[in-house]
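A.B. asks: Below are the structure tokens for one structure; questions will follow.
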Amino acid sequence: MLGVLLVTAPFDRGRYTVGYLFRQVARVTVTLNPLWRFRTGGQMPPDPRRPYVVVSNHESFVDILLISHLPWEMKWLSKAELFRVPVLGWLMHLAGDIPVKRGFGASAAEAMARGREVLARRVSVMIFPEGTRSTAAELLPFKDGAFRLAIDAGVPMLPIAVHGTATALRKHDWRVSRSKAAVRVLQPVETAGLSAADIPALKAQVRRMILAARDELAVELG
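In this note's numbering, the protein residues as written are 32 to 253.
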């Protein structure tokens, strides 16, 4: 990946290519695991270089592996601790992912500024608006950051829903279990003309979309 970065850096300031190659590691990991059966669905964006703020519910660490099967590159807003994990953290840095320290306002502001830079380079940003993995059936409250970023940058939201990963790798338990899981890409939600005052309504709309799609996936997966 370092070689790819050095070759592509002069004409790929958004690190789209090196990031996309990094996500292929996730695909290989899933392919090599006989316990997991993952699939993707929904309406994929026709232009992979049109930037979106992509948001999803969050069931498991394995969500990252599942969502990485989608056919376009996104820079992930991830907790800073992951960037200190050997190999994984190094690859995330190379890919151009965005670290954020929980509970530090300055770190969150810096992450949002990085997010705007990424979007300006025509690369999407991926955020879990719940902020952490949920162990309950109900979605956790959505935080404002992703929605504020989309409005400030003037780009659409792209909701996606995941289901089934909670059984693949449970929170606080690194034992891998059998799982059927799916991710579905939903309709984009435009933010043109919106302001900070519209964030509550935008959050509610996107949350309803994700919840409905997640429940549909639960029925389909059985």
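The C-beta atom is built at its ideal place from N, Cα and C for all residues, glycine as well.
1. Taking Y51 as the reference, which of F114, R206, L96 has the closest Cα?
2. Are F178 and L108 close, meaning C-beta to C-beta below 8 Å?
3. Relative to the C-alpha of Q74, which residue among V216, L242, I182, H194 is closest?
4. Might you give, ordered along the chain, the residues of its own chain that have their beta carbon closer than 6 Å to the beta carbon of M240, omitting 5 neighbours on each side?
5. Where in the segment 57-122 do unbroken runs of the beta strand (DSSP E), each at least 3 residues long, occur, reported from the N-terminal end onward?
6. Just to confirm the assignment: which complete beta strand (DSSP E) runs, minimum length 3, are found wholly within the segment 120-155?
7. List in chain order: all unbroken beta strand (DSSP E) runs of 3+ residues lying wholly within the segment 209-238.
8. Per DSSP, which residues does R190 bridge with? Please list them.
9. Determine, using beta carbons only, whether T71 and L101 come nearer to each other than 8 Å.
10. Return the Cβ separation of V84 and A111 in integer angstroms, given the expectation that the two are a contact with Cβ distance under 8 Å.
11. Throw me the rounded Cβ distance for the M143 and M105 pair, which I believe falls under 8 Å.
12. Report all residues from its chain with a CB closer than 8 Å to the CB of L248; omit the five preceding and five following residues, and keep chain order.
13. Note down the Cα distance separating M188 from V118, rounded to an integer number of angstroms.
14. Give me the Cα-Cα distance between S165 and V93, rounded to the nearest whole angstrom.
C.D. replies: Result, derived from the coordinates:
1. L96
2. no
3. V216
4. P190, L217
5. 67-73, 84-87, 105-110
6. 129-131
7. 210-216
8. A small correction: the amino acid at residue 190 is Pro; Arg does not occupy that position in the sequence shown. Answer is V86, bridged to P190.
9. yes
10. Not confirmed; about 20 Å, so no contact.
11. The pair is not a contact, with the Cβ atoms about 16 Å apart (cut-off 8 Å).
12. A192, V193, H194, G195, A213, R215
13. 31 Å
14. 13 Å
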